[in-house]
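So the structure is just underneath, and the comments pick up after that.
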Amino acid sequence: MDDVIIARSLFGMTMAFHIIFATLGVGIPIMILLAELLYQKTKDHDYAVMAKRWTKGLAVLLGVAIPSGTIAGVQLSLLWPGFMEVIGKVMSLPFQIEIYAFFIEALFMSIYVYAADRISPLMRIVSVFFVALGASASAILITNVHAFEGTPAGFRIENGEIVDVDPWAAFFNPSFFVTAGHVVLSAYMTGAFVLASIAAYQLLRAAQNEQVRRFHQKALKLSLAVGGVFSLLTAINGHESAQLLHQYQPEKLAAAEGLFETQSHAPLAIGGFTDAETQSVKWAIEIPWALSFLAGNRFDTVVKGLNDFPKEWWPPLFVHTLFNAMVGIGMLLLFLSAAALIWQKWLKRPAFPRWLLYGFVAAGPLAVIGIECGWIFACTGRQPWVIYRMMKTEEAVTQTGNLAVLFALFVAIYILLSIAVVLVLRYYFRRHPVADDLRKPPNEGTLPV
1 MDDVIIARSL
11 FGMTMAFHII
21 FATLGVGIPI
31 MILLAELLYQ
41 KTKDHDYAVM
51 AKRWTKGLAV
61 LLGVAIPSGT
71 IAGVQLSLLW
81 PGFMEVIGKV
91 MSLPFQIEIY
101 AFFIEALFMS
111 IYVYAADRIS
121 PLMRIVSVFF
131 VALGASASAI
141 LITNVHAFEG
151 TPAGFRIENG
161 EIVDVDPWAA
171 FFNPSFFVTA
181 GHVVLSAYMT
191 GAFVLASIAA
201 YQLLRAAQNE
211 QVRRFHQKAL
221 KLSLAVGGVF
231 SLLTAINGHE
241 SAQLLHQYQP
251 EKLAAAEGLF
261 ETQSHAPLAI
271 GGFTDAETQS
281 VKWAIEIPWA
291 LSFLAGNRFD
301 TVVKGLNDFP
311 KEWWPPLFVH
321 TLFNAMVGIG
331 MLLLFLSAAA
341 LIWQKWLKRP
351 AFPRWLLYGF
361 VAAGPLAVIG
371 IECGWIFACT
381 GRQPWVIYRM
391 MKTEEAVTQT
401 GNLAVLFALF
411 VAIYILLSIA
421 VVLVLRYYFR
431 RHPVADDLRK
441 PPNEGTLPV
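Shown next as structure tokens:
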């Protein structure tokens with residue numbers, strides 16, 4: 001196989017593995033913070049138990065997120081030396097600042113885990129707040145490198161040399177704010193829906209006492225409320241992202257929608273697959289004029305088609321399927337949240353029916369799949385460029401051989417880590433059932449984490 005393909009596959013596999021744990025590491029702290037706030041406000045012991053159990057799960061997930069993130073950083077240097085040369089000279093600020101964000105997250109995570117029963121309620125909240133802040137900041141800073149790849153700024157390449165370097169212009173590149181918002185909002189959404197899936201699964205189990213069922217009902221309602229809010233905000237931010245593509249990466253937007261000819265009043269293609277021979281999206285449902293409105297808030301917005309660009313600049317056409325999967329899953333999660341709201345608030349039903357609970361169980365895995373599709377679309381849709389219109393992927397790849405052996409080794413490592421995470425989580429939570437945690441400790445004001 002070509003070295004470029006193997007290198008992309010190896011790094012892509014690493015990121016696909018890491019992104020699951022990194023996303024949950026950003027999303028779950030927000031849920032812990034909300035549970036802590038609700039506990040301090042209502043003194044409802046169930047919310048303290050939620051914060052405690054979610055923190056235990058988060059600690060296990062971070063135990064994999066940190067080393068897999070380190071592997072990703074090492075692979076960046078080893079697999080893509082040409083890319084890292086530019087990053088080192090132009091875009092090193094996010095990596096440097098991220099060290100401090102991670103330090104804040106780790107420090108306050110340690111305080112919250114080991115000293116929760118020895119600090120005041122206010123300090124508990126402050127600790128979780130800084131855990132959430134550090135996790136979100138880390139995600140934003142690292143994702144900013146991806147934003148820079150799509151909308152590079154702050155330097156020029158002249159006669160093969162990097163000149164006119166402005167690190168802050170590179171940092172605040174044109175897509176920084178939209179990309180940062182999208183990664184954080186989608187992480188909050190995913191963390192909430194994963195926890196909702198767990199609560200819904202527990203409610204489907206028959207052998208539970210009433211106290212345990214009430215606990216899972218509260219966890220489910222809280223998770224669905226948070227997930228619904230952030231799924232709506234993610235959709236709004238996604239609209240801004242599409243407009244950003246229209247302005248800065250038009251061939252990526254064209255590939256996402258299977259649009260070959262430049263036109264105004266362009267239709268939005270839902271479903272189907274892109275056929276390069278017929279230059280159409282087969283079996284798609286088209287919404288007239290919708291793509292033009294999505295790109296420019298006007299139905300007469302002119303959207304460039306793929307035929308306006310050299311064919312070697314075209315992204316892989318399967319990104320249309322990835323884009324549809326990402327958007328479709330997002331809409332489904334928003335629908336599930338709306339269904340929960342209608343069932344509880346408008347119909348005044350005390351408990352969710354089993355058929356709806358099964359939908360909530362599916363929500364968590366679907367949210368993770370949506371995150372994976374989004375990241376693959378974002379990176380694959382930029383091809384053949386590693387830095388848009390400045391450096392091609394093949395120009396940045398290492399010339400070292402034996403990458404296939406490394407690929408096989410890392411496949412084995414990630415399989416073992418995945419099995420270990422599942423076994424550790426199952427072991428801990430089976431040994432510490434929620435019924436035991438729901439028995440209040442002698443000191444009503446605290447709950448050791």
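Each residue of the sequence shown is one higher than the last, beginning at 1 in this note's numbering. Beta carbons are placed, not taken as given, at the ideal position from N, Cα and C, and that holds for glycine. Quick caveat: nothing in here was measured; it's all calculated off a predicted structure.
The residues Glu36, in chain order, have a CB closer than 6 Å to that of isoleucine 125 in the same chain once the five nearest residues on each side in sequence are set aside. Every unbroken stretch of the alpha helix (DSSP H) spanning 4 or more residues and falling wholly within the stretch 220-269 is given here in chain order: 250-257. Between leucine 79 and valine 397 a beta carbon distance of about 7 Å is seen, short of the 8 Å cut, so the two are scored as contacting. Apart from sequence neighbours up to five positions away, the residues of its chain that approach leucine 244 with a beta-carbon distance below 7 Å are Ser175 and Val178, ordered along the chain. With a cutoff of 7 Å on beta-carbon distance, alanine 435 and valine 212 are scored as near each other. Out of Phe17, Leu259, Phe95 and His45, the CA that lies nearest to the CA of leucine 62 is found in Phe17. In summary, leucine 347 is exposed, with fewer than 16 beta-carbon neighbours lying within 10 Å of its beta-carbon over all protein chains present.
Looking from the CA of alanine 255, the closest CA among Phe273, Phe172 and Glu240 belongs to Phe273. Considering only Ile5, Ala135, Ser223 and Arg156, the residue with the shortest C-alpha distance to valine 184 is Ala135. Of the other Cβ atoms in all chains shown, fewer than 16 fall within 10 Å of the Cβ of tyrosine 427; this residue is therefore exposed. If you look at arginine 156, you'll find it in the beta strand (DSSP E) that goes 156-158. Under DSSP, glutamate 286 shares a beta bridge with Ala269. Between the alpha carbons of isoleucine 329 and glutamate 372 lies a gap of roughly 11 Å.
Taking all protein chains shown into account, methionine 331 has fewer than 16 neighbouring C-beta atoms within 10 Å of its C-beta and is therefore exposed. In the DSSP assignment, isoleucine 104 forms no beta bridge with any residue.
No Cβ-Cβ contact shorter than 7 Å links isoleucine 5 with tyrosine 188.
Cα atoms of valine 303 and proline 288: separation of roughly 13 Å, rounded to the nearest angstrom.
DSSP places threonine 380 in the helix class (H, G or I) of the three-state scheme. Only buried fits valine 386, as 16 or more other CB atoms lie within 10 angstroms of its CB. Per DSSP, tryptophan 168 is one residue of the alpha helix (DSSP H) stretching across 167-171. For leucine 322 and leucine 93, the gap between their C-alpha atoms comes out near 31 Å.
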